[in-house]
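Undergrad:
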Amino acid sequence: MENVAELLNQDFCFSDDEREALYKTIFNRRDVRGQFKPDTIPDDVLSRILHAAHHAPSVGFMQPWNFIVIRSDETKQKVHNGFKEANAEAAEMFEAERQDTYRALKLEGIIESPINICITCDRARSGPNVIGRTHLKTMDLYSSVCAVQNLWLAARAEGLGVGWVSIIKQQALKEALNIPADIVPIAYLCVGYVSHFHKKPELETAGWRKRLPLEDLIYFDQWNEKRNAEEESLIRQVETDLDFAEQFIQYD
Ligand SMILES: Cc1cc2nc3c(=O)[nH]c(=O)nc-3n(C[C@H](O)[C@H](O)[C@H](O)COP(=O)(O)O)c2cc1C
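Under our numbering, think of the first position of the sequence shown as 55, with each following residue one higher.
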């Protein structure tokens, strides 16, 4: 049997540098809210990140997405109004002692970012029966989410920040963008060049939540079947690799 080094030496494999570039992109991707610069994003850059999104996996190859590229200040303002309304309601939903912290968080960059992109899902795109969606109807929604993640990572590789804003009154969003009733807005993204990228999620820095230990999230064979590092080599490895992400993170 071939060893791993031989397996990785085949034409379809990536070089060490290429693999590192992928991890660098993943671990340096951040949700950006506050550091947008007004600089124009060239069309060739925008085109590349949209191509990346369009090559996401999709259930039954349904490609249920559309990409609404928003440049108009007037439209952004309407969406921002939908954010303000939802955000005021959202603050009230948290425990009293967390509400001030919540209100201090910056949770969008709709106006400051030069481009906003709304990624949608057309649930009827390829007829009623879709390979892979026959028993799990939400798979088309997840497919559009895959497009979001592709765009987010490609944008990071292009030096662009992306912030996902989900705190928006959906009716206000649909009206602002003239989205038909049967089309589902999946993600509203703020996109632009940035002054810097944070090293950690802003919610972590703000003390809102910490990254959970990966080893606590891994089960074996059954839900909630955990093994400790003494009896399971994968857990040992995960713990050894605790700083795996850190080595790729460059900026603060
Ligand atoms: C589905 C989804 C919705 C999100 N909605 C918002 C949002 O409305 N406002 C916001 O500031 N961040 C939003 N985020 C970003 C998360 O807060 C962020 O991904 C998380 O704190 C981890 O930080 P990181 O993306 O920088 O690693 C959203 C992320 C996802 C995946």
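Where is the CB? At the ideal position from N, CA and C, for every residue including glycine.
Less than 7 Å separating the Cβ of arginine 157 from some heavy atom of ligand 1?
TA: no
Undergrad: When we look at the beta-carbon of threonine 174 and count the other beta-carbons within 10 Å, is it buried (16 or more) or exposed?
TA: buried
Undergrad: If you count every other CB in all the chains shown that lies within 10 Å of the CB of alanine 140, and 16 or more means buried, which is it?
TA: Flag for alanine 140 reads buried.
Undergrad: Give a yes or no on contact between the region 187 to 194 and the region 86 to 103, applying the rule of three or more CB pairs nearer than 8 Å.
TA: no
Undergrad: I need the DSSP call for phenylalanine 81, collapsed to helix, strand or coil.
TA: helix
Undergrad: Under the assumption that glycine 114 contacts arginine 187 (Cβ atoms under 8 Å), give the Cβ distance between them as a whole number of angstroms.
TA: 6 Å
Undergrad: Any heavy atom of ligand 1 closer than 7 Å to the CB of proline 255?
TA: yes
Undergrad: Alpha carbon to alpha carbon, how far is glutamate 212 from valine 99?
TA: 7 Å
Undergrad: Please identify the residue among Leu271, Val86, Val219 and Ile124 whose C-alpha is closest to the C-alpha of isoleucine 169.
TA: Ile124
Undergrad: Cβ of glycine 181 within 7 Å of any heavy atom in ligand 1?
TA: no
Undergrad: Count the other CB atoms within 10 Å of the CB of serine 287; is the residue buried (16 or more) or exposed (fewer)?
TA: exposed
Undergrad: Quick check: the Cα distance between lysine 130 and arginine 210, rounded to an integer number of angstroms?
TA: 22 Å
Undergrad: Looking at leucine 231: is its Cβ nearer than 8 Å to the Cβ of isoleucine 122?
TA: yes
Undergrad: Hey, is the region 247 to 259 in contact with the region 142 to 152, meaning 3+ C-beta pairs nearer than 8 Å?
TA: no
Undergrad: Could you please give me the residues that DSSP links to alanine 241 through a beta bridge?
TA: Ile173
Undergrad: Sorry if obvious, but does the Cβ on tryptophan 218 come closer than 7 Å to a heavy atom of ligand 1?
TA: yes
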